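Q: In our numbering, the protein residues as written are 244 to 357.
All residues carry an ideal CB built from backbone N, CA and C; glycine is no exception.
Here the structure is a predicted model, which is why all the values come from computation and not from measurement.
Got a structure here, written out as structure tokens. Questions coming.
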Amino acid sequence: NGNNIDNVQNVIHDISATGLDIDFAEDQLQTYPELTGNVTFTTFQNITAGRSKTIRLLADSTDRTCTFPSGIKWVGTAPSSNVHTVTASKYAIITFTSFSTDEANIIGAFALQE
């Protein structure tokens, strides 16, 4: 209802497996099973202003590419044609934050384990 909440020590987010859609109504933290092939994330669902989604990926022993829906604005290193590479045996973290109710106002950030 727009009320402030004070004195919160910890917020624990549920973690669940993710599918190929990125659904802002599902758990905020999601993990994708070990990548054994290239992956194309298909769509964004339930886009709501102020929500974010963080996905953890792990590549198997081969470099894997992840393709995301077009129209995302990326911060940091922008991907080529919305494609990021997850290096063999490394983790990647992708966070999407929605600033409106449409895909054009989603900001993506990609980080790869060194």
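Looking at T328: is its Cβ nearer than 8 Å to the Cβ of T308?
A: Yes, the Cβ-Cβ distance between T328 and T308 is below 8 Å.
Q: How many Å lie between I265 and A331 at the Cα?
A: Cα to Cα, the separation comes out at about 23 Å.
Q: For R299, which beta-bridge partners are listed by DSSP?
A: Answer by DSSP bridge pairing, in chain order: T274 and I336.
Q: Tell me whether the beta-carbon of T283 lies closer than 8 Å to the beta-carbon of L263.
A: Yes, they are a contact pair.
Q: Please name the residue, chosen from K333, G245 and D270, that lies closest to V254 on a Cα-to-Cα basis.
A: Comparing Cα positions, the closest option is D270.
Q: Could you pull out every unbroken beta strand (DSSP E) segment of at least 3 residues lying fully inside the segment 300 to 330, listed in chain order?
A: For the segment 300 to 330, whole beta strand (DSSP E) runs of length 3 or above, ordered along the chain, are 307 to 310, 316 to 318 and 326 to 329.
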